[in-house]
Amino acid sequence: VQYLLIRNPMEANIALVWLTGSLFGRSMDHVLTILPWLIVAIPVIFLYARKLDILHLGEEVATALGTHVQRTKMILLFTSVMLAGAAISVVGGLSFLGLIAPHIARSLVGHQHRHIVAMSGLVGALLMVIADGLARIIAPPIDIPVGVLIAIIGAPYFLYVLRKM
């Protein structure tokens with residue numbers, strides 16, 4: 027960031043907005059850019075939802091039930107990295123919601139991963155809309171980056187979830 031500030035201050039400003047997480051300047055073109063990744067990854071997550079339920083029982087039980095634990099973990103890890111990379115490339119730090127939304131979704135729909143995955147998307151979208159609305163009305167002449175507001179609200183909740191585990 028220091029290098030950008032010295033070399034090209036305008037680019038540094040754009041980088042800082044992206045790092046804090048913002049919807050500023052985002053359009054349907056950005057969605058279309060990551061759409062191929064979403065088309066591949068989201069069905070994989072839903073197809074493996076049952077195996078996630080089985081893995082939740084423990085590796086030994088999952089193996090006894092016929093799940094190839096290491097292969098399943100690698101596929102899910104690769105898919106998760108694909109989704110996280112796509113999200114971060116477009117919205118930067120806003121993808122922090124991807125850590126919070128599943129915990130809220132689990133408390134709403136129970137422990138079946140096919141329900142958690144679907145509800146996580148809805149919860150994440152709802153949290154984003156609420157945070158964006160709040161960021162616009164907190165200090166009207168100033169448009170607070172929504173990522174800052176999400177971090178302020180989300181970090182304590184995330185710490186609460188970690189402590190509860």
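Numbering (this note's numbering) for the sequence shown: 27 to 191. From the three backbone atoms N, C-alpha and C, an ideal C-beta is built for every residue, glycine too. Here the structure is a predicted model, which means the values were calculated and not measured.
What does the Cβ neighbour count give for residue i, buried or exposed, with the cut at 16 atoms within 10 Å?
i	result
A151	exposed
I178	exposed
V172	buried
V149	buried
Secondary structure at residue i, three-state DSSP: helix, strand or coil?
i	result
L49	coil
L64	helix
I32	helix
I170	coil
A127	helix
A165	coil
G150	helix
G84	coil
Using the Cα positions of residue i and residue j, report the straight-line distance between them to the nearest angstrom.
i	j	result
L175	A90	45 Å
I60	A112	6 Å
V135	I156	21 Å
Check whether the Cβ of residue i sits closer than 7 Å to any heavy atom of the ligand PLP, and report yes or no.
i	result
V116	In the structure shown, the ligand PLP is absent, as is every other ligand, since no ligand is present at all.
Given 8 Å as the limit, is there contact between the stretch 172-190 and the stretch 118-137, that is, 3 or more CB pairs closer than that? The count of Cβ pairs closer than 8 Å, one atom from the stretch 172-190 and one from the stretch 118-137, reaches three, so the stretches are in contact.
**Request:** Could you tell me whether the stretch 144-162 touches the stretch 92-101, using the rule of 3 or more Cβ pairs below 8 Å?
**Result:** With the cut-off at 8 Å, the stretch 144-162 and the stretch 92-101 do not touch.
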